[in-house]
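In this text, residue positions in the sequence shown follow this note's numbering: the first is 414, and each later residue adds one. Glycine is no exception: its CB is placed at the ideal position from the N, C-alpha and C atoms. Small disclaimer: the values here were computed from a predicted structure and weren't measured.
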Amino acid sequence: MKGLNAPRLVIGSALVALSSIGTVFAETIEKEKSYDFDNKVHYYQTKIGEDNYKIEIQSDDYKHFANQSMFLLRHADRLCRGRTFMLKVLEGVQEYERFPTKPRAYQPPLNVLLQCEAPEKKEK
Numbered sequence: 414m415k416g417l418n419a420p421r422l423v424i425g426s427a428l429v430a431l432s433s434i435g436t437v438f439a440e441t442i443e444k445e446k447s448y449d450f451d452n453k454v455h456y457y458q459t460k461i462g463e464d465n466y467k468i469e470i471q472s473d474d475y476k477h478f479a480n481q482s483m484f485l486l487r488h489a490d491r492l493c494r495g496r497t498f499m500l501k502v503l504e505g506v507q508e509y510e511r512f513p514t515k516p517r518a519y520q521p522p523l524n525v526l527l528q529c530e531a532p533e534k535k536e537k
């Protein structure tokens with residue numbers, strides 16, 4: 414009877430070990446909610462790789478659109494530590510009307526992928 418339980422114990426412990434590895438990986442790509450007080454912008458930031466981020470800026474007020482754009486550029490520069498970066502807009506660019514004649518429809522959040530250039534290696 415002891416011999417029959419040993420393989421079950423090994424398989425059970427292996428499953429527990431593998432599930433904990435998946436849990437650790439899931440925690441590393443967690444979405445982080447933040448607020449920028451200078452630009453008055455609510456945003457979510459997810460690190461999806463080394464020097465790669467997904468940034469989701471919440472659309473709130475039409476007047477804040479310029480703040481959101483400026484925030485995005487400054488925040489990208491800060492995350493990349495002054496290195497060259499590339500922004501790829503996925504969705505959420507708002508239309509601009511100087512004198513809107515009707516109420517503004519719901520605008521989705523601005524979703525952007527940020528990719529920082531790798532630091533240059535110094536040659537000796």
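Beta carbon of residue i, beta carbon of residue j: below 7 Å?
| i | j | result |
| --- | --- | --- |
| PRO522 | GLU469 | yes |
| GLU504 | ASN524 | yes |
| PHE484 | VAL454 | yes |
Select from the options the residue whose C-alpha is nearest the C-alpha of residue i.
| i | options | result |
| --- | --- | --- |
| TYR448 | LEU526, HIS488, TYR466 and GLU463 | HIS488 |
| SER461 | GLU533, SER482, LYS535 and CYS529 | The identity of residue 461 in the sequence shown is Ile, whereas the question assumes Ser. The candidate whose alpha carbon is nearest that of ILE461 is CYS529. |
| GLN471 | TYR457, LEU486 and MET499 | TYR457 |
| CYS493 | VAL502, ALA531 and ASP451 | ALA531 |
| LEU500 | LYS515, ASP464 and GLN520 | ASP464 |
| GLN520 | PHE498, PHE478 and ARG496 | PHE478 |
| LYS534 | LYS515, ARG496 and THR514 | ARG496 |
| VAL502 | LYS515, LEU486 and ASN452 | LEU486 |
Tell me, to the nearest whole angstrom, how far the beta carbon of residue i is from that of residue j; I am working on the premise that it is less than 8 Å.
| i | j | result |
| --- | --- | --- |
| LEU526 | LYS467 | 6 Å |
Distance cutoff 7 Å, beta carbons only. Does residue i sit that close to anything in chain C?
| i | result |
| --- | --- |
| LEU492 | Although the question refers to chain C, the structure presented lacks it and comprises just one protein chain. |
Unbroken stretches of the beta strand (DSSP E), 3 residues or longer, contained in the segment 458–515
Every beta strand (DSSP E) stretch that sits fully inside the segment 458–515 and reaches 3 residues is listed by chain position as 465–470 and 498–504.
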